[in-house]
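Residue numbers (the numbering used here): 0 to 560.
Read through the structure below, which is laid out as structure tokens, and then see the notes.
What follows is the structure, given as structure tokens:
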């Protein structure tokens with residue numbers, strides 16, 4: 000059966016090739032008037048072309064086929080061929096019950112197509128020959144890419160504890176909380192009235208004034224953080240003009256997009272559709288921030304967004320790195336942005352039962368792994384990393400924060416909101432991230448955990464981490480959310496920035512509010528209330544999202560090897 004299946008398309012192709020050459024030299028057969036060889040060459044979807052009746056003789060004419068063989072291949076058939084009935088016999092036997100094979104004769108049943116073709120052969124009717132498209136016949140294997148390393152050369156952040164990367168990380172190291180009472184709107188009727196709210200923010204020098212008035216805050220945060228990442232990476236206006244913009248891309252996502260713009264549109268619609276802002280739809284979509292940044296920079300490489308709830312940023316970072324690794328780009332801006340501290344955002348998460356209600360003491364409300372935690376604190380902001388191919392970065396003498404090693408995505412496939420009780424999706428994600436990046440588990444000694452201060456999620460992640468790395472005595476774990484709150488789709492990027500800053504500085508920030516550790520927690524693994532010095536070998540950053548989305552990404556100090 001195997002031999003026959005190989006022989007049939009092979010012999011058919013040989014016959015078609017010979018007849019094509021023969022028709023050019025001897026005008027053995029005349030094509031129909033509307034038949035164009037270019038169509039055969041250019042459209043791979045058309046696998047069959049009908050061969051019209053010949054001017055003289057049959058397609059099975061031995062002398063003509065023998066001549067075609069010689070014309071096509073430039074050598075004479077062997078003696079065994081002449082002892083047989085020639086190529087015509089081989090062609091006929093292709094559809095006969097004893098199908099000829101390059102491996103010998105084998106009894107095989109005929110399928111419907113072969114029976115139909117066999118009937119056409121013996122009846123003298125024109126035969127349709129399956130011809131492989133020229134593109135397939137001449138396809139060349141894509142050359143293997145050399146190993147392209149990816150490094151972080153710039154970071155930009157907009158957060159409740161600072162809009163400058165150094166200020167942001169210094170506040171983390173000092174254990175300063177950015178959580179406070181909500182001031183953007185009257186939330187006195189809500190059971191949760193606290194957030195990681197950005198109190199002061201200006202787009203001056205980063206975003207055009209007209210756009211600043213029209214766009215949603217998630218977009219303004221993203222545009223500002225993106226341009227700050229470029230500035231931090233040493234991309235000046237002059238250098239920006241010199242870049243190959245076809246090899247630069249933007250991949251920044253959002254969990255919720257422009258909720259405020261869309262909400263305002265709904266309110267305007269209550270009066271009349273004529274009151275709707277023409278920007279309400281485009282500025283509400285989660286992809287528009289990345290698109291506007293690409294438009295502003297003129298970057299023509301991949302420009303899109305990914306939305307996987309609170310795992311959005313990690314999905315974007317890993318996907319952006321893969322564009323560089325595959326040789327499609329040399330530079331990518333990637334990360335996430337969200338701003339959902341509005342009535343519908345606060346009310347929606349309250350309805351899910353997800354938010355902390357420690358309103359009387361906001362700075363102590365986000366307390367990952369503490370026994371008294373009662374839910375996460377919503378936050379807002381944006382984080383953007385400038386990823387770059389190593390040689391490209393070295394050529395322009397860029398500052399390198401860390402090297403991106405790889406990562407992985409998985410799904411819990413369990414529940415819309417709740418994590419899998421056994422943490423199997425998280426374990427699988429971490430294991431796949433290690434395998435994909437070629438990192439040994441004993442080399443991972445720092446983990447920036449997702450740990451959002453939820454009763455079930457914190458413990459599940461902790462147990463999954465110990466399952467994967469528990470035998471490492473150097474392992475240290477902390478949660479940035481203890482100070483920023485949960486920045487939703489921006490969380491992963493902001494925490495990735497904290498991770499690369501930890502690598503760059505050699506200091507890891509504390510876990511604040513971890514006053515009464517939950518049962519079974521090892522405080523030798525969890526960072527305490529003060530910053531700690533750590534020589535990081537490999538760092539892992541986790542992000543998980545509603546829907547069971549899991550993501551893990553890995554960074555390490557850059558080594559010139």
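By construction, the Cβ of each residue, glycine as well, lies at the ideal position given by its N, Cα and C atoms.
These numbers come from a predicted model, not from an experiment.
query, result
"Beta strand (DSSP E) runs wholly inside the region 390-418, at least 3 long, in chain order", "401-410"
"Alpha-carbon spacing of residue 464 relative to residue 429, whole angstroms", "8 Å"
"CB-CB length for residue 253 against residue 304, believed under 8 Å", "6 Å"
"Proximal residues to residue 560 (C-beta, below 6 Å), its chain only, five neighbours per side dropped", "none"
"C-alpha distance - residue 161 paired with residue 399, whole-angstrom precision", "22 Å"
"Spatially closest choice to residue 335 from 251, 535, 272, by CA coordinates", "251"
"Sequence-distant residues of the same chain with beta carbon closer than 6 Å to residue 565, five excluded per side", "With the chain covering only 0 through 560, there is no way to say anything about residue 565."
"Per-residue burial, residue 351 [other beta carbons within 10 Å of its own, 16 or more giving buried]", "exposed"
"The region 497-514 in contact with the region 350-369 per 3-pair CB rule at 8 Å", "yes"
"C-alpha gap between residue 372 and residue 435, whole angstroms", "35 Å"
"4-residue-minimum alpha helix (DSSP H) runs that sit fully inside the region 311-395, ordered along the chain", "311-324, 342-350, 389-394"
"Three-pair Cβ contact test at 8 Å for the region 148-156 versus the region 226-235", "yes"
"Extent of the continuous beta strand (DSSP E) to which residue 548 belongs", "548-555"
"Coil, strand or helix - residue 260 by DSSP", "helix"
"Helix, strand or coil at residue 538 according to DSSP, with G and I counted as helix", "strand"
"Residues of its chain near residue 284, where Cβ-Cβ distance is below 8 Å and the 5 sequence neighbours each way are ignored", "256, 257"
"Distance between residue 387 and residue 267 (C-alpha atoms, nearest Å)", "44 Å"
"Coarse secondary structure for residue 464, derived from DSSP in three states", "helix"
"Residue nearest to residue 439 in terms of C-alpha spacing, selected from 316, 506, 538", "538"
"Residue 543 in three-state terms, based on DSSP", "strand"
"Top-ranked residue by Cα proximity to residue 151, from 246, 300, 244, 323", "323"
"Helix, strand or coil at residue 446 according to DSSP, with G and I counted as helix", "strand"
"Simplified DSSP assignment, three categories, for residue 558", "coil"
"Residues that residue 506 bridges to, as DSSP identifies them", "532"
"Straight-line gap, residue 561 to residue 204 (C-alpha atoms, nearest Å)", "Nothing in the structure corresponds to residue 561, since the chain is present only between 0 and 560."
"Cβ neighbours of residue 367 in the same chain (closer than 6 Å, five flanking residues each side left out)", "450, 452, 457, 478, 481"
"Range covered by the alpha helix (DSSP H) that runs through residue 431", "423-436"
"For residue 207, three-class secondary structure by DSSP", "coil"
"Per DSSP, the bridge partner or partners of residue 477", "447"
"Three-state secondary structure (DSSP) of residue 251", "strand"
"Complete alpha helix (DSSP H) runs within the region 152-210 (minimum length 4 residues, chain order)", "164-172"
"Exposure of residue 547, with buried meaning 16 or more beta-carbon neighbours within 10 Å", "buried"
"Residue 370 burial status per 10 Å Cβ neighbour count (16 or more: buried)", "exposed"
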